[in-house]
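There are 2 protein chains.
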Amino acid sequence: MPRRADRPAQEALLSRAVWDVLARSGPDGLTIRAVAAAAGCTTGLVMHRFPNRRALLAHARRLLHERTRARVEALEAGAASPRAALRAVLAQGLALDEETRTESIVWVGFLAVAIGDEELLALHRANNRAWRDRVQRLVTAATGWPEQRARTATYGLISLVEGAAALAWADPESYPPGVQLATLDATLAALDLA
Amino acid sequence: MPRRADRPAQEALLSRAVWDVLARSGPDGLTIRAVAAAAGCTTGLVMHRFPNRRALLAHARRLLHERTRARVEALEAGAASPRAALRAVLAQGLALDEETRTESIVWVGFLAVAIGDEELLALHRANNRAWRDRVQRLVTAATGWPEQRARTATYGLISLVEGAAALAWADPESYPPGVQLATLDATLAALDLA
DNA sequence: CTCGTTTGGTAACGCATGTTACGGTAACGG
DNA sequence: CCGTTACCGTAACATGCGTTACCAAACGAG
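From first to last, the protein sequence lines are chains A and B. For what it's worth, my numbering labels the leading residue of the first sequence as -9, then goes sequentially. For what it's worth, my numbering labels the leading residue of the second sequence as -9, then goes sequentially.
Now the structure itself:
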């Protein structure tokens, strides 16, 4: 056997490069050459790890979801109460620092790229349903509400976080971190979830 | 003088074609040839009306905002009360039928295209601030709240509508019109704005 | 009617893209 | 220490892009 490459590490490196390029240049700049340059390699490596561009994007999309899932589970495990867990999990979806801001940009970018791509859209739907189920579980754990009330509150909360993150990255001056958190807290309080 | 062309009508036709292509094929498919084909003309006309691709997109973005502004003002004028106006204005931002669903897709598409384009981002910010001011004015008219409380409620509402529309167009099965409206109404009620 | 100007379709250009083919290289088994 | 084999950079290919140049036709003015 000749030398073995660390495939998962390379795939992660290339996925990170996809995120970087998407956040900096948008969907139009998301070319294989740009990704290779951001990853510090050539297009040869990219095309050896992935059969084509769409597979590269799908993998990067999957890994992004996996990363936020791990972060959210850590937040949930370290929370003092169900309500604290709910707030922490929702707050990490906002665009509060440079890292989460970048993630929000990437999020919107992927959603836009998915417009023409049924596979990416299916990925988005699956990820979003998992996210919605998690938040609804936290709402139920925090309140004991019947399913319908918990679901309505959940829909409102995830819509709010999704929208606030998008507004915030596009106009950070109008929606600084404190304003985003105040908006989230006011809504949680209004829904009796504070 | 030779023959005169109806420039505003052609610009509107081409802008509509931009929306159609963006909604159907996403940012990657948004080429001048595709726009020309959707408009039923050739690239020659497109490049005669606009100096380049970015100007075409900027005009289409401007016209989209103008259209929603007109629709929203009509809703506001025809509403029975400030609270009814607020609800109607917010509800038109959801993805409730095929037309508003398409508009939500186009909205996300433009936002993604703006990632790499400072001019489009500035356009987005200006439009969003006008939209936010309008909603805040309606909240104030409906309640007489002091500015800070009205602003927090406004941020929550526009974030919710923005996010719900995006979730709904990407997964209409999970977020049908009735669910979107129930979410909006529950949040309005929780904020004492019903 | 005729001339001059506007209109918008056709075709080409240069360039960047996704993808493929190829070749040098470095590591491991024997 | 050598041959084998996976690795991956280089370079080419066809295609489609934004943009430009050109020209036939349509119309109003004189």
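Ideal Cβ positions, reconstructed from N, Cα and C, are used throughout, including at glycine. Since we're looking at a predicted model, the values are computed, not measured.
query	result
With 16 other Cβ atoms within 10 Å as the buried cut-off, status of R119/A	exposed
Residue interval of the alpha helix (DSSP H) (run including S149/A)	137 to 160
Q138/B classed as buried or exposed, judged by whether at least 16 other C-beta atoms fall within 10 angstroms	exposed
Under 7 Å by beta carbon: chain B residues contacting R43/A	What R43/A touches in chain B: nothing, since even the nearest Cβ is about 10 Å away.
Supposed close pair R44/A, D107/A - CB separation, criterion 8 Å	7 Å
Cutoff 8 Å; reference D87/A; Cβ partners in own chain excluding five residues on either side	P167
Where D175/B falls: helix, strand or coil (DSSP)	helix
Cβ neighbour criterion (16 or more within 10 Å) applied to E230/B	The displayed coordinates of chain B run from -9 to 184. Any statement about residue 230/B would go beyond what the structure contains.
Neighbour flag for S94/B against chain A, beta carbons, 8 Å	no
Closest by C-alpha distance to R57/B, when choosing among S71/B, W159/B, G83/B	G83/B
Whole-Å CB distance - L128/A paired with R51/A, under 8 Å assumed	In fact, because the Cβ distance is near 24 Å, the residues do not count as touching under 8 Å.
CB contact check: A132/A to chain B, cutoff 8 Å	no
Straight-line gap, A74/A to W135/A (C-alpha atoms, nearest Å)	17 Å
Straight-line gap, A185/B to V36/A (C-alpha atoms, nearest Å)	This structure leaves residue 185/B out entirely; chain B is present only between -9 and 184.
The segment 139 to 155 of chain A / the segment 174 to 184 of chain A touching (three or more Cβ pairs under 8 Å)	yes
Where the segment 9 to 22 of chain B meets chain A: residues whose CB sits under 8 Å from a CB there	L12, A13, R14, S15, G16, P17, D18, G19
7 Å CB neighbourhood of A78/B in its chain, flanking five on each side removed	L65, A69
The ligand NAP heavy atom lying under 7 Å from the CB of L47/A	Absence of the ligand NAP from the depicted structure is noted, as is the absence of any ligand whatsoever, leaving it without description.
Rounded Cβ spacing between W159/A and R61/A (contact assumed at less than 8 Å)	Rounded, the Cβ-Cβ distance is 18 Å, inconsistent with contact.
Members of the segment 108 to 125 of chain A near chain B, C-beta cut-off 8 Å	L111, H114, R115, N118, R119, R122
The alpha helix (DSSP H) enclosing S94/B, as first and last residue numbers	88 to 103
Local conformation of S164/B per DSSP, three classes	coil
Backbone CA spacing between D10/A and D(-4)/B [nearest angstrom]	44 Å
Proximal residues to A140/B (C-beta, below 8 Å), its chain only, five neighbours per side dropped	Q126, V129, T130, T133
Straight-line Cα distance separating A7/B from N117/A	31 Å
Residues in the segment 72 to 98 of chain B having any Cβ partner in chain A nearer than 7 Å	I95, V98
Euclidean distance between Cα positions of S15/B and I105/A	6 Å
Between the CA atoms of E163/B and A48/A - distance to the nearest angstrom	22 Å
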